[in-house]
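Accompanying notes for the structure given below.
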Amino acid sequence: LSSGINAEWPLRPGARECAEGGLDTTLIADSAAFAMIHIVNKIIIGTHTIMADGALRALNGTHQLALAAKHYAVPVIVCAALYKLSPTHLCSYDHDAFNKVIGPEMMVPFRNANLHSRVLVSNPEFDYVPGDLVELYITNIGGHAPSYFYRIVSELYHFKDFDLDSETSHDDT
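According to this note's numbering, the sequence shown is numbered sequentially starting from 190.
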């Protein structure tokens, strides 16, 4: 058994744990993912949020990896518990609210302080990954296709929960 870890440190810990667990582990730079993916037989990732349409909000770099996997017909499998399921969808006008921009110190360390005043660093934390790039979700209740999350959302949420911005009270209807 072997594993490859995409190296966006420290956001993607795991290489050390895999190696200490006895797995033959290869650390791959994000920029080399497309070049290396042809030797991979499946990609298993976690996610921050599963959207109601089967898309996901995952760490930056995941969308690039999923696109490379689609190009080489490598299945992407997402492991996540259902508490990460959100009844919301990403609207086309809501991309800024969807993402969170984090500090530049991960890309340009503070020891290079003279660069901070001359360089604008955009460091988004998350990627939006459409559901059609995911082959299978494995949750605490089983395996599901991305298209099945509409059904799961309708079973787990009240229809008034779909609008999370609403301040209306919920009555039993």
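Ideal Cβ positions, reconstructed from N, Cα and C, are used throughout, including at glycine.
With burial defined as no fewer than 16 other Cβ atoms inside 10 Å of the residue's Cβ, what is the status of residue i: buried or exposed?
i: Ser275; result: buried
i: Ile228; result: exposed
i: Glu209; result: exposed
i: Val308; result: exposed
To the nearest angstrom, how far is the alpha carbon of residue i from that of residue j?
i: Leu216; j: Ala222; result: 10 Å
i: Gly331; j: Lys289; result: 30 Å
i: Tyr346; j: Asp242; result: 14 Å
i: Tyr272; j: Val310; result: 33 Å
i: Leu245; j: Val342; result: 14 Å
i: Asn303; j: Phe338; result: 48 Å
i: Thr277; j: Arg205; result: 35 Å
i: Ile234; j: Val323; result: 10 Å
i: Asn249; j: Glu344; result: 30 Å
i: Gly211; j: Ser306; result: 44 Å
In chain order, what residues of the same chain have a beta carbon less than 6 Å from the beta carbon of residue i, not counting five sequence neighbours either side?
i: Ile291; result: Asn312 and Glu314
i: His333; result: Tyr326
Determine the contact status of residue i and residue j, defining contact as a CB-CB distance below 8 Å.
i: Ile226; j: Val265; result: no
i: Asn230; j: Val267; result: no
i: Ala270; j: Asn329; result: yes
i: Ala247; j: His260; result: no
Thinking residue i and residue j are a contact (beta carbons under 8 Å), I'd like their distance in whole angstroms, please.
i: Pro319; j: Tyr326; result: Between Tyr326 and Pro319 the Cβ distance is about 13 Å, and since that is not below 8 Å, they are no contact.
i: Asp316; j: Thr251; result: 5 Å
Please work out which residues of its chain come closer than 7 Å, Cβ to Cβ, to residue i, disregarding the five sequence neighbours upstream and downstream, and give them in chain order.
i: Thr362; result: Here the model assigns Thr362 a pLDDT of 49, short of 50, so the residue's position is not dependable, and the following value carries that caveat. Nothing meets the Cβ criterion.
i: Ala257; result: Ala222, Phe223 and Ile226
i: Leu279; result: Met240, Ala244, Phe287 and Tyr317
i: Arg340; result: none
Grab me the residues of residue i's own chain with a C-beta within less than 8 Å of its C-beta, minus the 5 sequence neighbours each way, in chain order.
i: Gln253; result: Asp219, Ala222, Phe223 and Asp316
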